[in-house]
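Below is one structure; the comments refer to it alone.
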Amino acid sequence: TVLLADTRVAGGGGAREAGGEDGGNDSVCAHDKLFERVKESYKEEDGIVSAAVVHKRQCSTAHLGADEDIVCDLSLAIDGMRSLYTLPCAIDKVTVLRQVSQDINGAVERAIADGSIPANVKIGSDDLLPLLIFVII
Numbered sequence: 018t019v020l021l022a023d024t025r026v027a028g029g030g031g032a033r034e035a036g037g038e039d040g041g042n043d044s045v046c047a048h049d050k051l052f053e054r055v056k057e058s059y060k061e062e063d064g065i066v067s068a069a070v071v072h073k074r075q076c077s078t079a080h081l082g083a084d085e086d087i088v089c090d091l092s093l094a095i096d097g098m099r100s101l102y103t104l105p106c107a108i109d110k111v112t113v114l115r116q117v118s119q120d121i122n123g124a125v126e127r128a129i130a131d132g133s134i135p136a137n138v139k140i141g142s143d144d145l146l147p148l149l150i151f152v153i154i
């Protein structure tokens, strides 16, 4: 493992400079420094992505590639997606994404049942993916 020169190591006797002599078990307290350095390294790319997301938030599902006749209430899926960022566990995040997909499918089915989507419109995965992208953005 390569440590940065200014990384502190926490051991049984307290924090000391990396590379010091101690016979005990050590843990590296480098998360904050590493995170800041990675964040700084990707600052330009993050700005580009943020600008693209702001632009896409103004789009409709039709702008993202869905059929213009597909109009449904995606608020339940959007609310579910908002909770994703509060979950620390990957399995919980996958569970939320699965639920969001089911919420999108349910919204489309309700729109078909209540006539918001004309009966002659055929909905395939090419139409559901733009709805998922819309919910994520």
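For the sequence shown, my numbering assigns the number 18 to the initial residue and increments by one for each residue that follows. Here a beta-carbon is modelled for each residue, glycine too, at the ideal position from N, C-alpha and C. Quantities reported herein were computed from a predicted structural model and do not represent experimental measurements.
- Three or more Cβ pairs closer than 8 Å define a contact, and the stretch 112–128 falls short of that threshold against the stretch 62–69.
- For K110, the enclosing alpha helix (DSSP H) covers residues A107 to A130.
- A distance below 7 Å between beta-carbons, with the five flanking residues on each side excluded, links D120 to the following residues of its chain, in chain order: L93, A94 and G97.
- Taken through DSSP and simplified to helix, strand or coil, A68 comes out as helix.
- Its chain contains C89 and I134 as the residues whose beta carbon lies nearer than 6 Å to that of A128, once the 5 sequence neighbours on both sides are disregarded; these appear in chain order.
- Remark: C-beta atoms of I87 and D143 do not approach each other more closely than 8 Å.
- Across the structure, V125 and L148 are spaced so that their CA atoms are roughly 10 Å apart.
- In its chain, beyond the 5 residues on either side, D144, P147 and L148 have a beta carbon closer than 7 Å to the beta carbon of A83.
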